[in-house]
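Okay, so here's the structure we're looking at.
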Amino acid sequence: MMTFVSKRAVAAALAALLSAGGLQPTRADIGDYEFQLVRTDARVGDGAIVDVRLVDKRSGKTVPDAVIFATRIDMAPDGMPTMTAPIEALPSTEPGIYRFKVNLVMEGGWQLSLAAKVQGETGTLESKLVLEALP
Numbered sequence: 019m020m021t022f023v024s025k026r027a028v029a030a031a032l033a034a035l036l037s038a039g040g041l042q043p044t045r046a047d048i049g050d051y052e053f054q055l056v057r058t059d060a061r062v063g064d065g066a067i068v069d070v071r072l073v074d075k076r077s078g079k080t081v082p083d084a085v086i087f088a089t090r091i092d093m094a095p096d097g098m099p100t101m102t103a104p105i106e107a108l109p110s111t112e113p114g115i116y117r118f119k120v121n122l123v124m125e126g127g128w129q130l131s132l133a134a135k136v137q138g139e140t141g142t143l144e145s146k147l148v149l150e151a152l153p
């Protein structure tokens, strides 16, 4: 009789937890993702390629299929945020890597700003990455 009561109590407690949402799987937060530069430097000139990886910080794995809807590159790190350059998205060479062609018109610090939607997550991932343009 004691075993039956124990099982019944456990079943009731489990049902209460489930109905209250106590055992829901944990969801990722948009803050669990980040963009990272593959290289922190690039060559001055038209046609410089900048590769960025999108990483799930919890697992360290790259995240494919994000929708990047805003891009900008400027010289904010060198105090010239109005000095911008053209930027063009290129096809990816591997999942989780996002490529851009930029025209880095002069040496110095450049800031790549990105805004993206990560598949299955709510919110917008915004990132500002700094790279150095070299001769």
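In short: position in the sequence shown from 1, add 18, done, that's my numbering.
The beta-carbon is built from N, C-alpha and C at its ideal position, and this holds for glycine as well.
The C-alpha of D69 is placed about 23 Å away from the C-alpha of T100.
As computed with DSSP, V81 is found in no beta bridge at all.
Going by DSSP, M101 is part of the beta strand (DSSP E) stretching over M98 to T102.
Within the model, the alpha-carbon separation for L147 versus I91 is close to 9 Å. With a 10 Å radius around the Cβ and a threshold of 16 neighbouring Cβ atoms, V85 comes out exposed. The beta carbon of G127 sits closer than 7 Å to the beta carbons of M93, P95, D96, V148 and E150 from its chain, once the five residues preceding and following it are set aside; these are given in chain order.
A direct Cα-to-Cα measurement between A107 and K79 gives close to 22 Å. If you look at S131, you'll find it in the beta strand (DSSP E) that goes G126 to K135. For K119, the enclosing beta strand (DSSP E) starts and ends at I115 to L122.
The beta carbon of P113 is closer than 7 Å to those of T80 and P82 in its chain, skipping five residues each way along the sequence.
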